[in-house]
Each structure stands twice: as structure tokens, then as C-alpha cells.
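Below is one structure; the comments refer to it alone.
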Amino acid sequence: MVSISSKQATARSATATTTLSFSQPATLAALTAATLKKGDAIAVARVAGIAAAKKTADLIPLAHPGLAITGVEVDIEPFFEPGGNDDATVQCEGKTGVEMEALTAAMVAGLTMYDMLKGVDRGMSLEGGRVVAKSGGRSGAWRWDADKAAVERG
2 MVSISSKQAT
12 ARSATATTTL
22 SFSQPATLAA
32 LTAATLKKGD
42 AIAVARVAGI
52 AAAKKTADLI
62 PLAHPGLAIT
72 GVEVDIEPFF
82 EPGGNDDATV
92 QCEGKTGVEM
102 EALTAAMVAG
112 LTMYDMLKGV
122 DRGMSLEGGR
132 VVAKSGGRSG
142 AWRWDADKAA
152 VERG
């Protein structure tokens, strides 16, 4: 694990996203009609993403433990094509960034959606785990620009 002992604590945030692609229209219909046997997939996935952000250091061996996470927001936007986006934003006051926590939250939210929907759609796929924005720390603000397929520093 990289030493962060000489760094100053600053406000930091990171946002990550994943896409769950559905293979049939019935998946979105079941999701929006709330007819899933396991319950409200979006609510469960949000809670799973929040819990995952808090457990990141337990899952990723070299992630820094004990981050003072001050906020986690998981937004799930369902739509048929390509399926739905799971976005997670994590905030902290600390000496290291929260990119891994944001990625973990977004991916676990997507995995939870898959689990909740697999009885309706076995052909789904979870794609595109990516950090799309970060702020704080020595490197400052950063944002993924998909149109330019590059990055912009703020």
C-alpha cells in the first residue's frame, strides 16, 4: 500500500459509472412495474452500492482502510437502450482519493441489479465501469470526456 502519511487531508470526491444492458424490453417493463419477485431492484441496488463503498478496503487488498467517507450517492437510471446507468459518487475528507470506493459502489449496484433481474433477463451484461470525475487532492479536478475520448483537467 502506498504511504499517504505526508499528505494533507482535503475534501475529495469521485464519481464512477457502469451500464447494465438489457437484452429484451420485458426487463425494463418488469423493473418499472415493480413486479420482480425479489422486490424493488433499484432501492436494493442503491443500498448495496452504498454498503459496498464503505467496504471497499475489505474487498481490494491495497485500498486504504478507514477513509472518513462523508457521503455516498448511488443514482440508477433505467432505460431500455442500452439498459440503465448506475452512477455512484463518494465524498470524503482525507489524504487519498475515493475513486476505488466510487467504482466499487457503481459495480456492486450493477451486480445487484443483475441479480434482481436475472429471472427476467439472462442475457443482460454489465459494462463500462469507469471513473468519470474526481476532485480534490494534489491533481485537482478531472473529468472524463467521452466525446473527445480523453480527459480534461479543471
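The sequence shown runs contiguously to residue 155 in the working numbering.
The beta-carbon is built from N, C-alpha and C at its ideal position, and this holds for glycine as well.
Residue interval of the alpha helix (DSSP H) (run including Ile43): Ala42 to Lys55
6 angstroms Cβ shell around Gly72 - same chain, five flanking residues per side excluded: Cβ within range, chain order: Gln92.
Helix, strand or coil at Ala12 according to DSSP, with G and I counted as helix: strand
Beta-carbon proximity list for Asp76, same chain, < 6 angstroms, skipping 5 on both sides: Cβ neighbours of Asp76 beyond the five flanking positions: Asp88.
Asp122 - containing alpha helix (DSSP H), residue span: Here Asp122 belongs to no alpha helix (DSSP H), and DSSP marks it neither H nor E.
For Ala89, three-class secondary structure by DSSP: strand
Per-residue burial, Val3 [other beta carbons within 10 Å of its own, 16 or more giving buried]: exposed
Buried or exposed by the 16-neighbour rule on C-beta atoms within 10 Å, applied to Thr113: buried
Residue range of the alpha helix (DSSP H) that includes Leu29: Pro26 to Ala34
Glu100 to Ala58 span [Cα, whole Å]: Computed Cα separation, rounded: 12 angstroms.
Beta-carbon contacts of Thr18 that lie in its chain and below 8 angstroms, excluding the five residues immediately before and after: Asn86, Asp87, Asp88, Ala89, Ala107, Gly129, Gly130, Arg131 and Val133
Residue span of the beta strand (DSSP E) that contains Asp148, given as start and end: Note, Asp148: premise wrong, no beta strand (DSSP E); not H, not E.
Short Cβ contact (8 angstroms threshold) for Ser22 with Met125: yes
Pairwise C-alpha distance: Gln9 and Thr33: 45 angstroms
Cα-Cα separation, Leu60 to Asp148: Annotation: Leu60 to Asp148 spans about 33 angstroms, alpha carbon to alpha carbon.
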